[in-house]
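Novice: Residue numbers (the working numbering): 127 to 1214.
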Amino acid sequence: MEWLESHSLESCGLTLSHLISLCNTKHMPENGDAHHMHISTVPLADFEEKLYKAIEMYHDQMKCLTQGSKKVFGVVNGSRLGVLVDTSNFNCSEERLPELQQHLLMLIEEQLHLKERLYLLSYSTDVSSLWDRPVYTCPLRHRESRVWVMQLRAGGGCDLLQALQRVLIHSELDTLFIILGSCPDQMVDVICDYLVQTKMPAVHAVAYNCSSPAAIETVKRMAAVTGGKYHVFSAALGVVDSSTDMELLWTEIKAARDILNQIQSIRLGQLEGIPVTVQSEISMGLNHLNLSDSTSASCSVSAPLCIQPADPVPISSSEWLKTHGLKAQKLDLYQLLASNAYSPKKTFVPILGKTIASTVHERFMVQFTWIDGIVKYLHVDLPSLQRYQRKLMNAVHLFERRVHYLNRTGSLQIWGAICEQRVQVLLEMSGINLHYQLHIQHAIRLLLQEQLPNRHSFNVTVFGSDVKSWQEKMVPTTYENLQAVWQWIQGTESSGGRNTLAALQNVLEEEPYGESSLTCGVYLLTTGMPDQDLASVNAYVSEHCRTANLNLHVCLITGEKDTIQCPVSCNSTQAVTARALRGLAHAGHGRFLWVTETGIIESDDISLLIEEMETAAIYSQKCTELVDSLIQRSSIKGSEQSFQEMSSPFIKPQTSDRSAKLPPPRPTILSLARQENRQKVRSAQKRLAWRPSSSKADFPPVQTTDVSKPAGHLRSADQRRIKVSQSVFYMEDGSVGVVFKKYPKPKSTRESITTIKLLKHEDLCSTKQWLKRFGIKNLKMDLHKMLSGPECSHSKKMVPSVQKRVSAKYCGIFPSVQINGSVKHLHLTAGELKQYLNETQKLMQRYNRRLEWLLTGSRCMFGTVLEKTVCILLDVSGSMGSCFSDLQKGLALLIWDQLHANSVRFNMVAFSGEVRLWKPGLVQSTEDLCKDAVLWLNQLSPHGGSCMLQALQTSCGLEDAVSLYLMSDGGSNSSHRLILREAETLRKEKHVTIHTTAFNCHDRACTEFLKCLAHKTGGRFHLAPDSTDTDFVKKSLSDMNSTASALPEFEGDDLRRLAEEIEKLNFFQKQAKTFRETVLQFKNLEDT
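#1: Terminal residues of the continuous alpha helix (DSSP H) containing H296?
#2: Buried or exposed: which applies to Q700, given that a residue is buried once 16 or more other Cβ atoms fall within 10 Å of its Cβ?
#3: Excluding the 5 residues flanking Q227 on each side, which residues of the same chain have their C-beta closer than 8 Å to its C-beta?
#4: Pick out the complete alpha helix (DSSP H) segments inside the stretch 963-1049, 4 residues or longer, and give them in chain order.
#5: Out of Q895, K894, T893, N904, point me to the one whose CA is closest to K883's CA.
#6: Taking the beta carbon of Q1207 as the centre, do at least 16 other beta carbons fall within 10 Å, making it buried, or is it exposed?
#7: Here's a check: name, in chain order, each residue in its chain whose Cβ is nearer than 8 Å to the Cβ of P265, leaving out the five neighbours to either side.
#8: Roughly how many whole angstroms lie between the Cα atoms of A713 and K448?
#9: For the structure I just gave you, are there three or more beta carbon pairs, one from the stretch 617-630 and one from the stretch 551-566, closer than 8 Å?
#10: DSSP three-state label for C681, please.
#11: Roughly how many whole angstroms lie between the Cα atoms of F900 and L909?
#12: Hey, L660 and A629: beta-carbon distance below 8 Å or not?
#13: Buried or exposed: where does E175 fall if 16 or more other Cβ atoms within 10 Å of its Cβ makes it buried?
#14: DSSP beta-bridge partners for E728?
#15: So, with DSSP's three-state summary, where would you put G281?
#16: Which whole-angstrom value describes the C-beta separation of V522 and A742, a residue pair presumed to lie in contact below a C-beta threshold of 8 Å?
#17: Following the continuous alpha helix (DSSP H) through C1132, name the residue where it begins and the one where it ends.
#18: Distance check for A704 and R672, CA to CA, integer angstroms please.
#19: Can you check whether the CB of V529 is closer than 8 Å to the CB of V586?
#20: On the DSSP bridge assignment, give the partners of R548 in chain order.
#21: Below 8 Å, can you find three or more Cβ-Cβ pairs linking the stretch 200-209 to the stretch 336-343?
#22: Would you mind giving the Cβ-Cβ distance between H330 and L302, rounded to the nearest angstrom? I have them listed as a contact below 8 Å.
#23: Please classify Q895: is it buried, with 16 or more other beta-carbons within 10 angstroms of its beta-carbon, or exposed?
#24: Which whole-angstrom value is the C-beta distance of A1109 and L1149, which I expect to be below 8 Å?
#25: Cα separation between A262 and Q288?
#26: Taking the CB atoms as reference points, tell me whether N1033 and C1073 lie closer together than 8 Å.
#27: Determine the burial state of F474: buried for a count of at least 16 other Cβ atoms within 10 Å of its Cβ, exposed for fewer.
#28: Residues in the same chain with beta-carbon distance under 8 Å from G709, minus the five sequence neighbours each way, listed in chain order, please.
#29: When the Cα atoms are used, what is the spatial distance from D186 to Q512?
#30: What is the DSSP secondary structure of S339, reduced to helix, strand or coil?
#31: Applying the 10 Å Cβ sphere with the 16-neighbour rule, what's the burial state of I1021?
#32: With a CB to CB cut of under 8 Å and the five nearest residues on each side skipped, what residues in its chain are close to V667?
#33: Can you name the start and end residues of the alpha helix (DSSP H) that M912 belongs to?
#34: Given a cut-off of 8 Å, decide if W612 and L890 are closer than it, judged by their beta-carbon atoms.
#35: What separation, rounded to the nearest whole angstrom, lies between the Cα atoms of E636 and N1126?
#36: Using 8 Å as the Cβ pair cut-off and three pairs as the minimum, do the stretch 375-392 and the stretch 342-355 touch?
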């Protein structure tokens, strides 16, 4: 196994001989020249820890080998591969063939597409191959392979020897991959003798879902005689029965466990009959030495820091769950079931005098207890519920990987994730920690090496009875500062009490946290309770953390209960101390972490993930209960139906006979309750039809009339427009009064100024799409359109008597203005124009924020990446040499800033005289793959010509409907006209979209070509503005009066459209101010 060549116990230095080399052997003449070995506890513990990690690594590798196609076929080695598939009647029967085809397709997608050459062959009674010779792999060959797999059919026996003779013709193959699903026609000895005589390449033989002992023996012996591998898979059990890779891993695990047993024997004082003494260097040295003057430990402790490469800034679990939690992934069970959930209906029946519940839901639906305790009825969609359970399991696996990441060794296990950009570290160096000083220095050393190098600024403060800060203010995290603070920490000594309150006051009050826009965090590393009153400390921390922009995180380090190396307060237990410090961290809006020598005991980050996993487990259990109740209901319904058929065998089915007589109608005599109800209604109607006692009053009884509800179904246009409702009543003198309840409201002839509502967050879309929602036209802020109605027109007519055009008399009532060369009347008031200016000012500020967002990060150089599947095409020809270093830095920022942050599936293609792919297909933007992509970019160098057309064709073969981002200067070996024509063809066939970004374009024709290429394929063109223009725009946008300054001319589509909208809005604002001054002057003239 190739993986074990670099990960075995021998290559990792973890064998028994390496363990013995750590011991010092002495001769004992007084004991007959016997040998005696000495070993320190530190290297012994490190060696033991490495063994445990190696065992865990082997188990992880075994787990990896039981996933996907590796579980069915194992890891397929070799670059030039010949694949032999058994298509006998037994292996390709109707029951086995669909599963075999599915596994072969999975093998092609996961492993075979990475090979250099392929040769596919099926063997039964006859032998047939897909190609005449081994072919180079490409997307076209992959599609042919998938079609070939789906066309496999049973063909008789299993002539494996004939298939081997057929493959022997092609000597360029280095590995034979044989899938055997039945017993071959030849004997095992005959096949193995042929392999030995012909010197076949290495054989990877797979016994696919086969329980025949002869077939399994054939597989193992073929692998043995050729120095290859075998793999036995049982589809019935869904497990790997045995394989070469698994046996090698189990051998390493067994050897590691034997060495662990030897380490236990060493601790007991003997190794293979030789006495061994284990010396505890730390416990002996720390009782009477300080690290500042220790000479024995100076070599390991005073060594300079080994700064590790900067990783992306991690985030806390609470922030991580906002994008990866169950709610973020829309996996809330109640949200899924809400569309098919119905509450039980209960209605009061007056005849019966009680409330009756509907039984329809109970008959045809499943009962389910909702989150608020109410029982509801559900329509259960079994396929969607099964898909939901699969997504739920994937989410749980994601949470488990996050927990494993937070629980790994190093600074993450001691300090947690350092999420802020500005970091203050508080170290407790009280006299109680004298014997634990080495552990504290080791913890701060790990923090300085692993997490602080990629932060903006930091400072370190140590405290006992007194408080000492390394620097007065925070300093940048440079290499020199990190080494300097490490040397300073080694010179500090543990002394005094635990004055936590004074240390917090020193950190929280002297640094101006509120003045910076960067996030700030204080990390307190302590071993026990503060000397001060805890309630006072909590109140102080809560007050300052609420006003300042910072968080206080507490890291508690304790030892095991039976040790004294990690002290706690004498007046409290470890549990009480942890509970008190947890409250302190939560008062400072931070996180709490409790760690011992054995690992993490409590962590707020891990607790949130465990709660999310418990919620997922509850949802999964409820889904199982729903499925069980559905199955039980269907079985009960089936049993009831069969019982009815058995109990009434003589009942004939109903037939639709039209000549049959209908049953007599039901009697219509009212029941006693309905008669009483009708009498009550009639008596109420009589009371409404009251007449006065006067005999002179001769008018009919008055009833309430509703003109809006006429008796007929057809209504006239006037009735539809005007809705009037009136109520008539009698007055004391006998006259009639009318009260109007509804009356037509007058409709305004012109619209008022609308109040616009704008979102604060930035949407991931193009400027064209964004302006469809927040443009001037869509928000009805177009000033010229407001003044273009008929009431604003200025009328002039020809008067024959004076032989000239004269304005109408009413034109002098309104002020007049010039708009686009024509005279318009201003019907807007000064208040409305002021409101318009206020709304447009809000809109202008929103436009400025959008423009500033487009000019920050990688969007300034490359534009915004909108799609979820993209391929980046990078021109590395010789003409890109002058700007290639800046392009590499910008692409690295693009990968982390947009692709990784938005979980975009991507690939990269570099082209000069040839085309080079980073990966064979699109991959997820995980952290490891993004690092690999940046390393691949740094290895590129500009040279040669530019085969742009071949790069576009190669990228389109990766996947359909992929978005291409072309970064070039426009130069190409092919003509521009040919590339545009081929791009239109690819657009029609593959539905691709090409976005172009121009770099180092000194030729206007090349710029126009890139712009035309993007617009013809539905993409966007981007040209990064000059640094001077960017600085000028950002400086202008930071000023509130920046609307008066003109923006530079942008050529990129997104920036140009937004800049044009800003200039248009700025023009409307100037006109609105002028119009308002005109209205106010006109009003002052009227008043005078």
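The C-beta atom is built at its ideal place from N, Cα and C for all residues, glycine as well.
Specialist: If we stick to the structure as given:
#1: Element bounds for H296: n/a, residue is neither H nor E.
#2: Per the 10 Å Cβ criterion, buried.
#3: V275, M276, L278
#4: 985-988, 1010-1020
#5: Nearest option by C-alpha distance: N904.
#6: exposed
#7: G1083, L1084
#8: Approximately 22 Å, taken between the alpha carbons.
#9: yes
#10: In the three-state scheme derived from DSSP, where H, G and I count as helix and E and B as strand, C681 is classed as strand.
#11: 16 Å
#12: no
#13: By the neighbour-count rule (16 or more Cβ atoms within 10 Å), E175 is not buried but exposed.
#14: W720
#15: coil
#16: Rounded, the Cβ-Cβ distance is 5 Å, consistent with contact.
#17: 1130-1142
#18: 23 Å
#19: no
#20: S583, C646
#21: A contact between stretches requires three or more CB pairs, one per stretch, nearer than 8 Å, and the stretch 200-209 fails this requirement with the stretch 336-343.
#22: Contact between H330 and L302 holds, with the beta-carbon distance rounding to 7 Å and staying under 8 Å.
#23: exposed
#24: The pair is not a contact, with the Cβ atoms about 19 Å apart (cut-off 8 Å).
#25: Note on residue identity: the sequence assigns Tyr, not Ala, to residue 262. Going by the C-alpha atoms only, they are around 25 Å apart.
#26: no
#27: exposed
#28: Result list for G709: L660, N664, in chain order.
#29: 28 Å
#30: The sequence shown places Pro at residue 339, rather than the Ser named in the question. Helix.
#31: buried
#32: L630, L634, L678, L710, A713, G714
#33: 909-912
#34: no
#35: The alpha-carbon atoms of E636 and N1126 are separated by roughly 49 Å.
#36: no
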